[in-house]
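Participant: One structure is given below, represented as structure tokens, and several questions about it will come after.
Number of protein chains: 4
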Amino acid sequence: MIIVLKPGASKLEADEILSKIDAKGLKPLYMPGSERTVIGALGDERLLGELHLESHPAVERLDPILAPYKAVSREMHPENSIVQFGNIPIGGNGFVVVGGPCAVEGYEKLSTSAKAVKEAGAHGLRGGAFKPRTSPYSFQGLGLEGLKILQQVGLENGMPVITEVVELADVDAVETYADAFQVGARNMQNFRLLTALGQANKPVFLKRGMAASVKDVLMAAEYIVSEGNQQVVLCERGIRTFESGTRNTLDLSAVCQFKALSHLPVVVDPSHGTGVREYVAPMAYAAAAAGADGILVEVHHNPKEALSDGAQSLFPDQFAELMQRLRPFVEAAGRTLDF
Amino acid sequence: MIIVLKPGASKLEADEILSKIDAKGLKPLYMPGSERTVIGALGDERLLGELHLESHPAVERLDPILAPYKAVSREMHPENSIVQFGNIPIGGNGFVVVGGPCAVEGYEKLSTSAKAVKEAGAHGLRGGAFKPRTSPYSFQGLGLEGLKILQQVGLENGMPVITEVVELADVDAVETYADAFQVGARNMQNFRLLTALGQANKPVFLKRGMAASVKDVLMAAEYIVSEGNQQVVLCERGIRTFESGTRNTLDLSAVCQFKALSHLPVVVDPSHGTGVREYVAPMAYAAAAAGADGILVEVHHNPKEALSDGAQSLFPDQFAELMQRLRPFVEAAGRTLDF
Amino acid sequence: MIIVLKPGASKLEADEILSKIDAKGLKPLYMPGSERTVIGALGDERLLGELHLESHPAVERLDPILAPYKAVSREMHPENSIVQFGNIPIGGNGFVVVGGPCAVEGYEKLSTSAKAVKEAGAHGLRGGAFKPRTSPYSFQGLGLEGLKILQQVGLENGMPVITEVVELADVDAVETYADAFQVGARNMQNFRLLTALGQANKPVFLKRGMAASVKDVLMAAEYIVSEGNQQVVLCERGIRTFESGTRNTLDLSAVCQFKALSHLPVVVDPSHGTGVREYVAPMAYAAAAAGADGILVEVHHNPKEALSDGAQSLFPDQFAELMQRLRPFVEAAGRTLDF
Amino acid sequence: MIIVLKPGASKLEADEILSKIDAKGLKPLYMPGSERTVIGALGDERLLGELHLESHPAVERLDPILAPYKAVSREMHPENSIVQFGNIPIGGNGFVVVGGPCAVEGYEKLSTSAKAVKEAGAHGLRGGAFKPRTSPYSFQGLGLEGLKILQQVGLENGMPVITEVVELADVDAVETYADAFQVGARNMQNFRLLTALGQANKPVFLKRGMAASVKDVLMAAEYIVSEGNQQVVLCERGIRTFESGTRNTLDLSAVCQFKALSHLPVVVDPSHGTGVREYVAPMAYAAAAAGADGILVEVHHNPKEALSDGAQSLFPDQFAELMQRLRPFVEAAGRTLDF
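Protein chains in written order, with this note's numbering: chain A, 1 to 339; chain B, 340 to 678; chain C, 679 to 1017; chain D, 1018 to 1356.
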């Protein structure tokens, strides 16, 4: 940790800080300069958090040397982690495609969509039972009934299923019926929920919040992993920027950052990332090229009738074409679609 | 609602949409143009949500004419709403100041802080019992014990108290011990929590999310109000931008927007809004000048020892000075600090 | 154009606006609603600009139906445009790679870099003679001498050259020595410069400004094209967001947007787009996968000694590896690296 | 300067960097840690720029201790600077109001507007002769003729005048006819223009770019001041964010930052900052409360007919009311409107 003192900071104040650092078992370093005094603290600087040096009136700023996350960092764990989503390993040689509608709207509809995505080559099935909607007047999902339908349709089609969990109280139910939890962008910093998922036994797909930096996502993942659940998949799904031609701005370089900083698998959601049906396929190819471990794609048997997110849902034939065109990109990336 | 069709849209597709609008009881309007066909839907366009026209392949985009929120809109309710926070009315002639530490750290400490803010002229007391923290390794609050301390200290000092609720399961406890709920930025779109608060009987201070537009905040408020709880106070606390010299970018023009679009009271949190102790007071004055109904300010009896957010917490004497200098700004705005 | 009137707007005000629309030769449409009156204007709505309806006190907002740009729009010109950069066509079947150092630092150095990029398979050479630098104390480029060196090295290696023009007064010099102009992100809305380039006879690579939406870029391109120079290449190079792990946030979905809205070729600059050497190659592959027509990559014969942007410049062997790994992605996109 | 090396960096690489620092006359400091080696460089770290350490493959990142700007910093010059705008000092005890139309549209119109703003109490007159417009099809200003009209109207009404300079070639003309240069947001990093203004003899109002951080603005100001022109006024006018209810997001905390980091005067432009007529006055009051030294406000004798920016221009009577209501806020801030 580097501690930059304010211009007028006294030797007394510096000494106070130096001795606090020493008392924590770190090696303190005093670097008086002509314009600023700088203090170093060598060792496990995470211990310094308890000193709350940022609040000290003599401190201009702190520059941590080490990342604030540990368990999820690649430094602690240089090898890629493999997360097991049902029978599908994520983070290995395969490139995983999870498709399905935004929301579970009923058995018949989901079954139709599921057959289509399976036939096109998808490995997993997605579908929301609990829908966080911006408007209280919009369709909020089928809840527990939706979970049951999702499980059934997944089993019938031989695909593991993933669904969003939006509330602590639903963790058990989702764990019972689904093969993976999805934490949505709006809940990425719902720390109570993250802690509960850290104690669960199913993998967690953690979506990046709309205002979350890559480091924020890794800190959120740390919540889960530090509780014991190592099965976390990071998901880039776009951030909020001034650009309004897309629903969000898909940050594919975040895939590079996640891969450089963490050992966890990374998938991309080009559907929410763009919000525009026509842009989903090219962003799926780009995700594969950028080094992602898979994609989540919204597919609806009839988007014209979708109860949510229809504008970004692919028609089944569009998804089939995507899968076909995706293959050479996946292979160019040295990966495979065949599990 | 204005529906712009894609360049190649056929008359048949237009007719399909026109008849759907008609079937919903709105007046359809057909406007063929040289480059685009435009369709209008006159009437209560919120009914059109069920048609999911945005998903229709022939539709380029929808331009709603009316706002998606109703109950919180000024159009539905032209007069300012008054929210009762304990014995303090918010949204009337008074300018409300709520002060206190980021977190309740114990009875003695909170009591010291509370006496200081009371003496300086604050009307309400704030303090977190459940703390959402970016790092799993940071202090997470005292929980229920913190709630009890907060209630006691509030009563002893004759100040209503507000504290953050982060989870559905805590709603009852917070309602029991506090005079108001605070919904933090990270939970602003925790719709399940909002729904529960809409059924509660204490006022809700709803903080703007870091990636939330003014309209998103109003939609979140609509969740609460549409469930029956009219007592909502909107809180501007900064949004996330590229500017890194402050923790967030405090958007004081949001006060103007909220006031123009909604009848709900609006307060400003210059502490989280800037994250820098020295900028809190000027932003508090600016909030009063911009037309806010009050401020939430972090004050700690000794910020150097604060367990969270110390860098933005005021020392008691700084807060006392703030209160003194604030008065003429409040009066210039035609308001009063005296209740 | 759709004109939404304010709630209290009178019939008289509506009539005033309707007759203004009529006088411009557009078909006015009156749509009174229960909550808002809406006015339509059918025809070439760009003529309405002169009415300044946005300033009218009775007008709540304008919703244009048509894009504000014309000459660059795909609607006006459905076929892809091909821009000729020296002997290299951009926008056709080929995927163009332009490599070279951020700045021309001298003949020997540029020559070394140029040979390396040529040998690795690049088609064009880049190098700055006029450098816009954030700090007045940084290296500002070799100016005219740099231009001459660039031209010579380009000729010796059989590669067309591109360099940035930062000022009206330099347009002639750059046109004389280079095969293409580059307009940097900071000058994207230097409208005087754009107008001058619209009267020049060399192609223009227009880089997206850090705060420019896709539509803003298209409007800037319209400045050039409307003056007569059809040879414009759009360049995505990242926008400014809150994410600080990369220098900018590379918006690859902008490639999709540009392609959908305009007939102009699109290239991507993964060097400025990320600012991190290790992320350049994956973002180059992703650009190819997203449908771009080429990339601009910073390569320096010895980045450790580069006078600018060293941290994002590739070493020659890194660039050679990039070119090799890029090929299957380009082919997967149905394009070729061989001209 | 703190230099953090990558995890695998060798002692040899550290030594190479240490000796380079030593050779520049700074004191090198070697701090090996368990996870990272950190190197310090004590002294005038600005000299290290020439070493381009950021490009070194062993370097993870650089953390400068000192700000990159010098001449504009408050550390170098603790007292507030006063800039003389005609007969009006900016940065002293007075709060300066500059009003006028977005563009000079002709003598009669400007004269009417000027009389109105003068009568209402404004100190200076603004008006654009060269207009940077997003669309090539919009009104581009009257140019030299506009400058002459502006000068004449300013003289007739006893007000200094300010106008935007958009191009190097116009610097002399603007210097001749106006009392101050305005550099617009789009030209804030037009470094050639800044350098020329640094050699001019009139004050420069430097507007913050839409994607410019506070530090970027200070670096741009450094360009001007380092060339010899000390007369720089910083202008906050909003940044680009995801919020679309206002044209920009006015960052009033930037006033605090500018005041803390620099000795230069700071004014606020609530017209461009909001883009909404109704929000201009409250943001003007907030600017005064935040500690600004003045405001720039767009006022048009008849905004309904304005050739540009009509939606954000005040009617003369609105401006008169603003001036009246502004006074107590200015006085609460310990300033005066009377010069």
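All C-beta atoms, glycine included, are put in the ideal place defined by N, C-alpha and C.
#1: Is the stretch 13-23 of chain A touching the stretch 40-56 of chain A in the sense that three or more CB pairs, one from each, lie closer than 8 Å?
#2: Starting from V910 of chain C, trace the beta strand (DSSP E) in both directions and tell me its first and last residue.
#3: Measuring only the C-alpha atoms, how far is K345 of chain A from G94 of chain A?
#4: Whether or not the stretch 999-1013 of chain C and the stretch 19-33 of chain A are in contact is what I'm after, with contact meaning three or more pairs of Cβ atoms, one per stretch, closer than 8 Å; do they touch?
#5: Please name the residue in D:A1304, D:K1165, D:N1174 and D:Q1216 whose C-alpha comes closest to that of V1191 of chain D.
#6: With DSSP run on the structure shown, which of helix, strand or coil describes V1272 of chain D?
#7: Indicate the three-state DSSP secondary structure (helix, strand or coil) for V954 of chain C in the structure shown.
#8: Given a cut-off of 8 Å on the beta-carbon distance, is the pair H1280 of chain D and R1254 of chain D in contact?
#9: Distance, Cα to Cα, S789 of chain C vs V795 of chain C?
#10: Is K1087 of chain D helix, strand or coil when you go by DSSP?
#11: Measuring only the C-alpha atoms, how far is T613 of chain B from A998 of chain C?
#12: Give the residues from the stretch 547-566 of chain B that approach chain D closer than 8 Å (Cβ to any Cβ), ordered along the chain.
#13: Could you pull the DSSP bridge partners for R579 of chain B from this structure?
#14: Could you tell me whether any Cβ in chain B is nearer than 8 Å to the Cβ of T274 of chain A?
#15: Look up E506 of chain B in the DSSP assignment and say whether it is helix, strand or coil.
#16: On the premise that G988 of chain C lies in contact with H978 of chain C, defined as a C-beta separation below 8 Å, what is that separation, rounded to the nearest angstrom?
#17: Report yes or no: do three or more beta-carbon pairs, one from the stretch 1050-1070 of chain D and one from the stretch 1206-1214 of chain D, lie closer than 8 Å?
#18: Identify whether S1330 of chain D lies in helix, strand or coil by the three-state DSSP scheme.
#19: Using the C-alpha atoms, what's the distance from P1220 of chain D back to A1197 of chain D?
#20: Which one or two residues does DSSP pair with D338 of chain A in a beta bridge?
#21: Against chain C, which members of the stretch 1275-1305 of chain D pass a CB distance test of less than 9 Å?
#22: Please compile the residues from chain D whose C-beta is within a distance smaller than 7 Å of the C-beta of F242 of chain A.
#23: Can you give me the start and stop residues for the beta strand (DSSP E) that R126 of chain A sits inside?
#24: From the beta carbon of D590 of chain B, is the nearest beta carbon of chain D less than 8 Å away?
#25: In the DSSP assignment, find the unbroken alpha helix (DSSP H) run with V831 of chain C in it and report its ends.
#26: Taking the alpha-carbon of H123 of chain A as reference, which of A:V97, A:L42, A:F139 and A:A103 has the nearest alpha-carbon?
#27: Distance, Cα to Cα, A517 of chain B vs P440 of chain B?
#28: Can you grab the Cα-Cα spacing for the pair I1179 of chain D / T1212 of chain D, in whole Å?
#29: Output the distance between the C-alpha atoms of A348 of chain B and T376 of chain B, rounded to the nearest integer angstrom.
#30: Rounded to the nearest angstrom, what separates G718 of chain C and I378 of chain B at their Cα positions?
#31: Could you pull the DSSP bridge partners for Y708 of chain C from this structure?
#32: What does the alpha-carbon distance come out to for the pair Q538 of chain B and V505 of chain B?
#33: By the criterion of Cβ-Cβ separation under 8 Å, what are the contact partners of K982 of chain C in chain D?
#34: Are the C-beta of D63 of chain A and some C-beta of chain D separated by less than 8 Å?
#35: Smallest Cα separation from R465 of chain B: which of B:L646, B:A645 and B:V443?
#36: Closer than 7 Å: is that where the CB of K787 of chain C sits relative to any heavy atom of the ligand SAH?
Facilitator: Reading from the atomic positions:
#1: In short, these stretches touch, since the Cβ pair count reaches three.
#2: As a position in the third sequence, residue 910 of chain C is number 232, starting the count at 1. Start and end: V910 to E914.
#3: For chain A, the structure presents residues 1 to 339; residue 345 of chain A sits outside this window and is missing.
#4: Cβ pair count under 8 Å is below three, so no.
#5: In the fourth sequence, counting from the first residue as 1, residue 1191 of chain D sits at position 174. Closest option to V1191 of chain D, Cα to Cα, is D:K1165.
#6: Position 255 of the fourth sequence, counted from the first residue, corresponds to residue 1272 of chain D. Here V1272 of chain D sits in helix by DSSP.
#7: Position 276 of the third sequence holds residue 954 of chain C. Correct three-state label for V954 of chain C: coil.
#8: If you number the fourth sequence from 1, residue 1280 of chain D lands on position 263. If you number the fourth sequence from 1, residue 1254 of chain D lands on position 237. Against a cut-off of 8 Å, the Cβ pair of R1254 of chain D and H1280 of chain D comes out as no contact.
#9: Start at 1 with the first residue of the third sequence, and residue 789 of chain C comes out as number 111. Start at 1 with the first residue of the third sequence, and residue 795 of chain C comes out as number 117. S789 of chain C and V795 of chain C have their C-alpha atoms spaced approximately 10 Å apart.
#10: As a first step, residue 1087 of chain D is located in the fourth sequence; it is residue number 70 there, counting from the start. The answer is coil: DSSP assigns K1087 of chain D none of H, G, I, E or B.
#11: In the second sequence, counting from the first residue as 1, residue 613 of chain B sits at position 274. In the third sequence, counting from the first residue as 1, residue 998 of chain C sits at position 320. Rounded to the nearest angstrom, the gap between the Cα atoms of T613 of chain B and A998 of chain C is 46 Å.
#12: A550, S552, V553 and K554
#13: Here the question's residue 579 of chain B lines up with position 240 in the second sequence. Answer is none; R579 of chain B lacks a bridge partner.
#14: On the first sequence, residue 274 of chain A is found 274 positions in, with the first residue counted as 1. Cβ-Cβ to chain B under 8 Å: no for T274 of chain A.
#15: For the purposes of this step, residue 506 of chain B is identified with residue 167 of the second sequence, where counting begins at 1. DSSP, reduced to helix, strand and coil, places E506 of chain B outside both helices and strands of the structure shown, so it counts as coil.
#16: For the purposes of this step, residue 978 of chain C is taken as residue 300 along the third sequence, with counting starting at 1. For the purposes of this step, residue 988 of chain C is taken as residue 310 along the third sequence, with counting starting at 1. That belief holds up - the Cβ atoms of H978 of chain C and G988 of chain C are roughly 7 Å apart, short of 8 Å.
#17: no
#18: Residue 1330 of chain D sits at position 313 when you count from the first residue of the fourth sequence. S1330 of chain D falls in the coil class under three-state DSSP.
#19: Start at 1 with the first residue of the fourth sequence, and residue 1197 of chain D comes out as number 180. Start at 1 with the first residue of the fourth sequence, and residue 1220 of chain D comes out as number 203. Rounded to whole angstroms, A1197 of chain D to P1220 of chain D spans 5 Å at the Cα level.
#20: In the first sequence, counting from the first residue as 1, residue 338 of chain A sits at position 338. According to DSSP, which records beta bridges pairwise, D338 of chain A is partnered with nothing at all.
#21: R1294
#22: As a working note, residue 242 of chain A is residue 242 in the first sequence. Chain D residues near F242 of chain A: R1257, T1258 and F1259.
#23: Within the first sequence, residue 126 of chain A is the residue found at index 126, counting from 1. Per DSSP, R126 of chain A belongs to the beta strand (DSSP E) from G124 to R126.
#24: To locate residue 590 of chain B, count along the second sequence from 1; it is residue 251. Cβ-Cβ to chain D under 8 Å: yes for D590 of chain B.
#25: As a first step, residue 831 of chain C is located in the third sequence; it is residue number 153 there, counting from the start. From DSSP, the alpha helix (DSSP H) with V831 of chain C extends over L822 to N835.
#26: The residue you call residue 123 of chain A lines up with position 123 of the first sequence. Taking only the C-alpha atoms, the option nearest H123 of chain A is A:V97.
#27: Here the question's residue 517 of chain B lines up with position 178 in the second sequence. Here the question's residue 440 of chain B lines up with position 101 in the second sequence. Between A517 of chain B and P440 of chain B, the C-alpha separation is close to 15 Å.
#28: Walking along the fourth sequence from the start, residue 1179 of chain D turns up at place 162. Walking along the fourth sequence from the start, residue 1212 of chain D turns up at place 195. Distance between the alpha carbons of I1179 of chain D and T1212 of chain D: 19 Å.
#29: Working through the second sequence from its first residue, we reach residue 348 of chain B at position 9. Working through the second sequence from its first residue, we reach residue 376 of chain B at position 37. Between A348 of chain B and T376 of chain B, the C-alpha separation is close to 8 Å.
#30: Position 40 of the third sequence, counted from the start, is the residue given in the question as residue 718 of chain C. Position 39 of the second sequence, counted from the start, is the residue given in the question as residue 378 of chain B. One C-alpha to the other measures close to 11 Å.
#31: For the purposes of this step, residue 708 of chain C is taken as residue 30 along the third sequence, with counting starting at 1. Paired residues: C:I717.
#32: The count along the second sequence starts at 1 and reaches residue 538 of chain B at position 199. The count along the second sequence starts at 1 and reaches residue 505 of chain B at position 166. Distance between the alpha carbons of Q538 of chain B and V505 of chain B: 16 Å.
#33: In the third sequence, counting from the first residue as 1, residue 982 of chain C sits at position 304. Chain D residues near K982 of chain C: H1069, S1072, H1073 and P1074.
#34: Here residue 63 of chain A is taken as the residue at index 63 of the first sequence, counted from 1. Judged by the 8 Å Cβ criterion, D63 of chain A is in contact with chain D.
#35: Here residue 465 of chain B corresponds to residue number 126 of the second sequence, with the count starting at 1. Among B:L646, B:A645 and B:V443, the Cα nearest to that of R465 of chain B belongs to B:V443.
#36: As presented, the structure is devoid of all ligands, the ligand SAH included, so that no description of it is given.
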